[in-house]
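Peer 1: Residue numbers (our numbering): 8 to 128.
All C-beta atoms in this analysis are idealised placements derived from N, C-alpha and C, irrespective of residue type, glycine included.
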Ligand code: FES
């Protein structure tokens, strides 16, 4: 579980997570979750900051949007530097893949805690 993140639920929507970040410091170069989701187009990954945590926001080709901690469980690579391949977020550093919406890495015994943000478009 991410520090400060609400418990995940199947009914989570964009409204659950979006809003101004009360933990944001004004000097962070990362956009808020709301700004990041606005910028992120289907097939893209962008960095964000939510409740003081660095996040990777990505949108699948069908418009479903997700958030994950911006640290790969393999070796700490930035997931926001990765890319979307089908329904997977791929870490650019060594290529580990994480399935949406579970966050499961099919070839490894690990996962990232993905959070569903809703649907764009
Ligand atoms: S750091 Fe992500 S695959 Fe190695």
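1) Taking 7 Å as the cut-off, does the CB of residue 59 come closer than this to any heavy atom belonging to the ligand GDP?
2) So which of 39, 102, 113, 92 has the shortest CA-CA distance to residue 60?
3) Could you please give me the residues that DSSP links to residue 6 through a beta bridge?
4) Excluding five sequence neighbours on each side, which residues of the same chain lie with their C-beta closer than 6 Å to the C-beta of residue 75?
5) Which same chain residues, not among the five before or five after residue 29, have their C-beta less than 6 Å away from its C-beta?
6) In terms of alpha-carbon separation, which member of 52, 43, 98, 123 lies closest to residue 84?
7) Using CA atoms only, rank isn't needed, just tell me which of 49, 81, 79 is closest to residue 71.
8) Would the beta-carbon of residue 102 be found less than 7 Å away from any heavy atom of the ligand FES?
9) Since residue 75 is in the beta strand (DSSP E), which residue starts that stretch and which ends it?
Peer 2: Reading from the atomic positions:
1) No copy of the ligand GDP occurs in the structure displayed; its ligands are the ligand FES alone.
2) As a working note, residue 60 is residue 53 in the chain shown. From the listed residues 39, 102, 113, 92, the smallest Cα separation to residue 60 is found for 39.
3) Any answer about residue 6 is impossible in this case: the structure gives the chain only from 8 up to 128.
4) Within the chain shown, the letter at position 68 stands for residue 75. Taken in chain order, the residues that qualify are 63, 86, 119, 121.
5) Residue 29 sits at position 22 when you count from the first residue of the chain shown. Because residue 29 carries a pLDDT of 49, less than 50, the predicted location of this residue cannot be relied on, and no value is offered for it.
6) On the chain shown, residue 84 is found 77 positions in, with the first residue counted as 1. Here the closest residue by C-alpha is 98.
7) Counting from one through the chain shown, the residue named residue 71 turns up at place 64. For the residues 49, 81, 79, the minimum Cα distance to residue 71 belongs to 49.
8) As a first step, residue 102 is located in the chain shown; it is residue number 95 there, counting from the start. Of the heavy atoms belonging to the ligand FES, at least one sits nearer than 7 Å to the Cβ of residue 102.
9) To locate residue 75, count along the chain shown from 1; it is residue 68. Here the beta strand (DSSP E) through residue 75 covers 71 to 76.
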